[in-house]
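In what follows, a single structure is set out as structure tokens and then discussed.
2 protein chains.
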Amino acid sequence: MSRWPAKVTVKEVGPRDGLQNEATPIATADKIAWINLLSETGLSYIEVTSFVHPKWIPQLADAVEVAEGIRRKAGVTYAALVPNEKGLERALGAGVDEVGVFMSASEAHNQKNINKTIAATFPVLEAVVKTAKQAGKTVRGYVSTVFGCPYEGPVAVDQVLMVADRLLAMEVDELSLGDTIGVATPKQVEDVLAEVLRRFPVERIAMHFHDTRGTALANILVSMEMGITTFDSSLGGLGGCPYAPGASGNVATDDLVYMLHGMGIETGIDVEQLTKAALFIRDKIGRPLPSRYLQTVGS
Amino acid sequence: MSRWPAKVTVKEVGPRDGLQNEATPIATADKIAWINLLSETGLSYIEVTSFVHPKWIPQLADAVEVAEGIRRKAGVTYAALVPNEKGLERALGAGVDEVGVFMSASEAHNQKNINKTIAATFPVLEAVVKTAKQAGKTVRGYVSTVFGCPYEGPVAVDQVLMVADRLLAMEVDELSLGDTIGVATPKQVEDVLAEVLRRFPVERIAMHFHDTRGTALANILVSMEMGITTFDSSLGGLGGCPYAPGASGNVATDDLVYMLHGMGIETGIDVEQLTKAALFIRDKIGRPLPSRYLQTVGS
Numbered sequence: 001m002s003r004w005p006a007k008v009t010v011k012e013v014g015p016r017d018g019l020q021n022e023a024t025p026i027a028t029a030d031k032i033a034w035i036n037l038l039s040e041t042g043l044s045y046i047e048v049t050s051f052v053h054p055k056w057i058p059q060l061a062d063a064v065e066v067a068e069g070i071r072r073k074a075g076v077t078y079a080a081l082v083p084n085e086k087g088l089e090r091a092l093g094a095g096v097d098e099v100g101v102f103m104s105a106s107e108a109h110n111q112k113n114i115n116k117t118i119a120a121t122f123p124v125l126e127a128v129v130k131t132a133k134q135a136g137k138t139v140r141g142y143v144s145t146v147f148g149c150p151y152e153g154p155v156a157v158d159q160v161l162m163v164a165d166r167l168l169a170m171e172v173d174e175l176s177l178g179d180t181i182g183v184a185t186p187k188q189v190e191d192v193l194a195e196v197l198r199r200f201p202v203e204r205i206a207m208h209f210h211d212t213r214g215t216a217l218a219n220i221l222v223s224m225e226m227g228i229t230t231f232d233s234s235l236g237g238l239g240g241c242p243y244a245p246g247a248s249g250n251v252a253t254d255d256l257v258y259m260l261h262g263m264g265i266e267t268g269i270d271v272e273q274l275t276k277a278a279l280f281i282r283d284k285i286g287r288p289l290p291s292r293y294l295q296t297v298g299s
Numbered sequence: 001m002s003r004w005p006a007k008v009t010v011k012e013v014g015p016r017d018g019l020q021n022e023a024t025p026i027a028t029a030d031k032i033a034w035i036n037l038l039s040e041t042g043l044s045y046i047e048v049t050s051f052v053h054p055k056w057i058p059q060l061a062d063a064v065e066v067a068e069g070i071r072r073k074a075g076v077t078y079a080a081l082v083p084n085e086k087g088l089e090r091a092l093g094a095g096v097d098e099v100g101v102f103m104s105a106s107e108a109h110n111q112k113n114i115n116k117t118i119a120a121t122f123p124v125l126e127a128v129v130k131t132a133k134q135a136g137k138t139v140r141g142y143v144s145t146v147f148g149c150p151y152e153g154p155v156a157v158d159q160v161l162m163v164a165d166r167l168l169a170m171e172v173d174e175l176s177l178g179d180t181i182g183v184a185t186p187k188q189v190e191d192v193l194a195e196v197l198r199r200f201p202v203e204r205i206a207m208h209f210h211d212t213r214g215t216a217l218a219n220i221l222v223s224m225e226m227g228i229t230t231f232d233s234s235l236g237g238l239g240g241c242p243y244a245p246g247a248s249g250n251v252a253t254d255d256l257v258y259m260l261h262g263m264g265i266e267t268g269i270d271v272e273q274l275t276k277a278a279l280f281i282r283d284k285i286g287r288p289l290p291s292r293y294l295q296t297v298g299s
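Protein sequence lines, in the order shown, are assigned to chains A and B.
For the first sequence, the UniProt record's numbering assigns the number 1 to the initial residue and increments by one for each residue that follows.
For the second sequence, the UniProt record's numbering assigns the number 1 to the initial residue and increments by one for each residue that follows.
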């Protein structure tokens, strides 16, 4: 038996995690056109936007228009982030299939990012999850700074387990563990996952790596060896710091799919369609994207 | 026992494999200054140039001046490529510590690259290795296009084994297996290495990955799991195709060292000195280099 899975689910977070970090404003119509292209690639999951208050993320102020404007393809889950009940209301109104709630494993990042202590965040998310479930939606829980915090540095595994435990107790359907600042290396991934999987079922865990220091695919490789089969990624590696050209954000969907297909691992994704969608958003953004694979493709 | 080694040898090939692919001409004095900086990083092996005819690689026409001009640090091996006996003569005259001979596993790439069939290449290398050994030098054998050829596509493992066998029979001290065009994925690396290591001792095998499609660190991870402990890399990821900004060449030494150190694997390299050397050559080249790690470092 192979050390690697036969099949992997790739969850595209580019329209949200990618574009929310882009300095270049992208027109609503272009976002919609891009998501429609993504729907034709064979991806089964697209996170289309975030219903955070526009004051915090002006790049995604058009969340409702995007979620309502896209062409829904059967078999594709269209998800969006929501920070609180107000955001949830807008998301439900716009008819998203799944909502994502989010918090950090580190106190300082949680405070900076959502302006609350970790303890004060739980009841807010609990209410959101409950209402979303009552509305018949599935819920995804994101944990940020699992492998390191920009303010605190290393993050204790116990802290990750505590946050994961609380989110799973709220009955989120899946937990996405994020290396928000892209510091993880394979040994750390193995160590953290060993603890996480001792407590929680592998089917409910997804990994969300950023490729900031080039280690994302190696981290995904070791995650697969630990049994993980769901990974978040962003087409073209969108979402790098806008002030560091070439700096990568999320691991690039195109790099990930290149590796997986090269290993004989099924994703259901059509590389030609994926490349078409990558070139589309690259042209809208107007500069080369950080993904490696995309550099090898002609225009 | 860990699946990964406690210690890895990183062989810096930037001054040769990196600069030979750079369109920007680098002054001889700058190359020398850069190699002198590299000597202060803790690297134990630096490939400083190639004694190929300047007609083929004008970027390295100053091979003699570079090899003679650098400050030799005790404990560092200063190596250079040589294509034939004439090149060897110049290399020996310039006092290099080790010579590298090279050929391809694929017929078409060998013909394009060194203008000979594979069969006609063996006797040339045989003579070089013999003379180098008589002069008391160690010899490294490079095999290119091990995981794929730009002209032929996939390369049969038997072809790799045949070339490796002939080079090892010439008594090259180490064989460096190259993914010249950066197409390999971890499963292929595992498959090829399984065959190679069935025949040849692991201590004599080094891996040489390019990060063209982002898979280099994942390929290194799986190579370590197969027992390999020597890897070639190029500081800053130098050596990408000059016509594709952002395209990576060799796996970046700084990305590699970041991953290894993060995993608790010793390299003997001082990251601060390494970064200093990387910023030096980045400034000489005058544009951002492809490495990921370097983007996270201030200027």
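Beta carbons are placed, not taken as given, at the ideal position from N, Cα and C, and that holds for glycine.
None of these values were measured; they are calculated from a predicted model.
Relative to A/Pro-15, the option among A/Trp-34, A/Thr-138, A/Ser-144 whose CA is nearest is A/Trp-34. For B/Arg-292, the chain A residues whose Cβ falls inside 7 angstroms of its Cβ are Asp-211, Thr-212, Arg-213, Gly-214, Ser-248, in order along the chain. Linking A/Val-64 to B/Leu-161 through their CA atoms gives a straight-line distance of about 59 angstroms. The C-beta distance from B/Leu-217 to B/Met-170 rounds to 32 angstroms, too long to meet the 8 angstroms contact threshold. When only Cα atoms are considered, A/Lys-276 and B/Phe-200 end up about 44 angstroms apart. Within the segment 177-211 of chain B, the residues whose Cβ lies closer than 7 angstroms to some Cβ of chain A are Thr-185, Pro-186, Lys-187, Gln-188, Asp-211, listed in chain order. Judged by DSSP secondary structure, B/Thr-77 falls within the beta strand (DSSP E) whose first and last residues are 77-81. Within the same chain, and ignoring the five residues on either side of A/Ile-285 in sequence, the residues whose Cβ sits closer than 6 angstroms to its Cβ are Thr-24. Contacts with chain B at 9 angstroms (Cβ-Cβ) include A/Met-263.
Rounded to whole angstroms, the Cβ separation of B/Glu-98 and B/Ala-74 is 15 angstroms, and the two are not in contact under 8 angstroms. Pairing B/Phe-280 with B/Thr-9 gives a Cβ-Cβ distance that is not under 9 angstroms.
Taking the beta carbon of B/Val-222 as reference, the chain A residues within 8 angstroms of it are Leu-221, listed in sequence order. For the segment 149-176 of chain A, the set of residues with a beta-carbon nearer than 8 angstroms to any beta-carbon of chain B is empty. Counting only residues of its own chain and dropping the five nearest sequence neighbours on each side, B/Val-257 has a CB closer than 7 angstroms to the CB of Val-10, Thr-267, Ile-269, Val-271, Leu-274. Interface annotation, A/Thr-296: in contact with chain B, CB-CB separation under 9 angstroms.
Looking at the DSSP output, B/Val-139 sits in a beta bridge with B/Val-99. For the set A/Pro-150, A/Gly-100, A/Asp-255, the Cα lying nearest the Cα of B/Ala-184 is the one of A/Asp-255. In this structure, A/Val-52 and A/Pro-5 do not form a Cβ contact; the two beta carbons are roughly 33 angstroms apart against a cut-off of 8 angstroms.
Residue environment analysis places A/Ser-2 among the exposed positions, since fewer than 16 neighbouring C-beta atoms fall within 10 angstroms of its C-beta. Short of 6 angstroms from the beta carbon of B/Arg-292, and not among the five residues preceding or following it, lie these beta carbons of its own chain, in chain order: Asp-255.
If the five residues before and after A/Val-163 are omitted, its C-beta is found closer than 6 angstroms to the C-beta atoms of Ala-105, Val-143, all from its own chain and listed in chain order.
DSSP places B/Tyr-45 inside the beta strand (DSSP E), whose first and last residues are 45-50.
Nearest CB-CB separation between A/Leu-217 and chain B: below the 9 angstroms threshold. Shown here for B/Val-96: same chain residues with a beta carbon closer than 8 angstroms to its own, the five before and five after excluded, namely Val-48, Ala-67, Tyr-78, Ala-79, Ala-80, Lys-137 in chain order. The beta carbons of A/Thr-215 and A/Thr-180 sit no closer together than 9 angstroms.
For A/Ala-252, the chain B residues whose C-beta falls within less than 8 angstroms of its own C-beta are Gly-214, listed in chain order.
Around the C-beta of B/Ala-119, fewer than 16 other C-beta atoms lie within 10 Å, and the residue is accordingly described as exposed. Within chain A, not a single residue places a beta-carbon under 8 angstroms from that of B/Asp-270; the smallest gap is close to 17 angstroms. Look at B/Asn-250 here: in three-state DSSP terms it is strand. Counting only runs of 4 or more residues that sit fully inside the segment 113-193 of chain B, the alpha helix (DSSP H) segments are 118-134, 157-169, in chain order.
Distance from the Cα of A/Gly-153 is smallest, within the candidate group A/Asp-17, A/Leu-125, A/Gly-182, for A/Gly-182. Nearest to B/Val-155 by C-alpha distance, out of B/Asp-191, B/Val-129, B/Ala-127, is B/Asp-191.
For A/Glu-12, the enclosing beta strand (DSSP E) covers residues 9-12. For A/Met-226, the closest Cβ of chain B is not nearer than 9 angstroms. Here A/Lys-7 is exposed, its C-beta having fewer than 16 other C-beta atoms within 10 Å. Look at A/Asp-255 here: in three-state DSSP terms it is helix.
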